[in-house]
Amino acid sequence: MKSSSEQGLQTYKRFRTRFIQIIAAIGLVYIMSQFLRTANGVIAKDLVAEFGLSAEELGILTGSFFLSFAIVQIPVGILFDRYGPRLVMPSILLFAIAGSIIFSLSNSFFELLLARLMMGIGVAPVLMGALFLFGRWVNSKEYSSWMGRMIAIGGVGAMLSATPLAWVAESFGWRSAFIGVGLVIALGAVFIWFFVRDHPPSYGDISCEKRSQKLSQETFWENICGMRDIVKTPNLWPILGMAFVSYPVTITIIGLWGAPWLMDVYGIKQIEAGNILLWVAIALIVSSVSIGYVEKILNIRKWLVIVCSMGVGISLSILAIWPKPPLEISAALLIFIGFLSAYNIIIAGHGRSLFPDHLAGRGMSLLGIALMGGPFIMQSITGLIIGAFDNKGSTALEFSGEPYRAAYGFLAIIVVLANLLYFRIPDKLPSSGFVANKTR
């Protein structure tokens with residue numbers, strides 16, 4: 005008969021193996037999700053040349069992914085709380101598979117737009133599903149660290165959408181890349197179904213089966229009414245405001261205007277611009293891995309967010325004020341912005357700390373709306389700003405630096421405004437854990 009220590013070791017090994025499988029399955033799909041988010045930045049010139057897109061149309065097309073992503077966050081959160089990520093994620097990923105294939109076969113702006121909307125819907129549950137599971141599988145003190153690791157895994161997708169995508173676009177055409185993405189997402193969906201589990205082997209003092217049964221006994225109307233409790237959560241809205249300008253600002257630069265700005269203002273080639281964005285992605289990966297450790301060591305969230313976000317705001321201000329910095333300085337500032345931009349991980353941890361577990365899916369989905377709805381608004385507005393400078397009436401993106409500087413100035417201003425709201429709320433220390441469930 006095995007001793008209790010041997011049984012405990014076996015239980016831990018099973019737990020660790022399953023958790024690694026979960027990370028690998030979701031991580032594969034999340035890499036593709038990040039690729040789809042940022043790919044338009046590198047192929048922007050190809051899309052403009054082939055479809056005759058204006059700056060406004062390019063902004064709307066790229067941002068539409070985030071619009072549909074944000075719209076379905078609340079339904080996804082309700083489904084997570086009711087059915088769990090294992091069932092919900094593969095089902096919704098079918099939209100991303102179809103969207104990737106349609107995008108590769110598109111012959112008009114409308115078809116491109118439809119495909120981007122489907123992509124956004126399809127990958128909407130991926131990161132939120134990971135965060136939902138982390139809330140159950142890991143200690144609250146490790147939450148941001150594991151979120152950072154998942155963001156870092158996704159950063160591989162941002163790297164693939166830089167120099168590798170530029171090479172594929174020049175060598176084989178941009179369409180072939182999206183066929184491959186659709187196939188990889190399909191494989192990832194299968195892995196999620198086989199390997200993901202909604203609960204660890206022992207969930208607190210309640211078995212997995214009893215916990216799942218308790219959640220499923222909530223009526224659909226009770227699921228909806230749970231949103232009322234969430235929106236009344238103290239200090240939530242300043243956190244949502246900061247989330248609205250964290251990742252959205254970064255992805256507007258990296259995923260849309262960064263490459264065209266470098267190519268238009270400095271006259272460099274697509275692969276050269278992709279190389280710079282590759283280093284931006286690497287910087288973001290490094291900070292995503294490390295920022296959770298910094299949070300844990302310092303045991304702070306609020307001031308870490310403020311320092312990082314203001315660093316982004318100052319960098320954008322420099323790009324807005326300085327007419328044409330040397331290319332080396334501009335590249336360094338972009339990389340610095342990428343390095344600081346992992347603070348959205350800390351914001352997510354701050355937001356998650358406000359919600360009890362029975363509202364976690366819906367609460368994190370609301371945060372997801374801010375994180376992922378923001379890019380649609382940012383990219384659309386900056387598209388209007390840049391397009392307003394196109395006095396020649398040409399659809400080609402051949403601008404001087406002024407339109408991009410105006411866009412960077414706008415982004416800098418909203419970062420500062422969000423900080424003014426966020427500054428007023430108290431910190432929620434990582435060591436204090438998450439809000440406990442109320443007895444029902």
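All residue numbers for the sequence shown refer to my numbering, where the first residue is 5 and numbers rise by one.
Ideal placement from N, C-alpha and C gives every residue a C-beta, glycine not left out.
Residue i burial status per 10 Å Cβ neighbour count (16 or more: buried)
| i | result |
| --- | --- |
| residue 406 | exposed |
| residue 44 | buried |
| residue 180 | exposed |
| residue 307 | exposed |
| residue 436 | exposed |
| residue 432 | buried |
| residue 38 | buried |
| residue 428 | exposed |
| residue 18 | exposed |
| residue 299 | buried |
| residue 274 | buried |
| residue 175 | exposed |
Nearest-angstrom Cβ-Cβ length linking residue i and residue j, presumed shorter than 8 Å
| i | j | result |
| --- | --- | --- |
| residue 309 | residue 350 | 5 Å |
| residue 282 | residue 167 | 5 Å |
| residue 415 | residue 253 | 5 Å |
| residue 127 | residue 40 | 7 Å |
| residue 284 | residue 152 | Actually they are not in contact, since the Cβ atoms of residue 284 and residue 152 sit about 17 Å apart, beyond 8 Å. |
| residue 135 | residue 352 | 6 Å |
Residue i vs residue j beta-carbon contact at 9 Å
| i | j | result |
| --- | --- | --- |
| residue 320 | residue 412 | yes |
| residue 123 | residue 55 | no |
| residue 29 | residue 192 | yes |
| residue 78 | residue 373 | yes |
| residue 346 | residue 46 | no |
| residue 133 | residue 118 | no |
| residue 383 | residue 259 | yes |
| residue 139 | residue 366 | no |
| residue 81 | residue 368 | yes |
| residue 74 | residue 376 | yes |
Residue i versus residue j - alpha carbon distance
| i | j | result |
| --- | --- | --- |
| residue 434 | residue 344 | 20 Å |
| residue 215 | residue 363 | The pLDDT assigned to residue 215 is 46, lower than 50, so where the model puts this residue is not dependable, and the model offers no usable value. |
| residue 265 | residue 89 | 39 Å |
| residue 212 | residue 201 | At residue 212 the pLDDT is 44, less than 50, meaning the model places this residue with poor confidence and gives no usable figure here. |
| residue 425 | residue 237 | 16 Å |
| residue 4 | residue 348 | The chain is shown from 5 up to 444; residue 4 falls before or after that span and cannot be answered. |
| residue 142 | residue 389 | 43 Å |
| residue 169 | residue 161 | 10 Å |
| residue 120 | residue 16 | 42 Å |
| residue 358 | residue 235 | 11 Å |
| residue 203 | residue 137 | 7 Å |
| residue 57 | residue 51 | 7 Å |
| residue 182 | residue 279 | 20 Å |
| residue 324 | residue 337 | 12 Å |
| residue 381 | residue 393 | 19 Å |
| residue 34 | residue 243 | 24 Å |
Quiz item: Does the stretch 188-197 come close enough to the stretch 85-98 that 3 or more CB-CB pairs lie under 8 Å?
Solution: yes
Quiz item: Any chance the stretch 108-116 sits against the stretch 147-161, with 3 or more Cβ pairs inside 8 Å?
Solution: no
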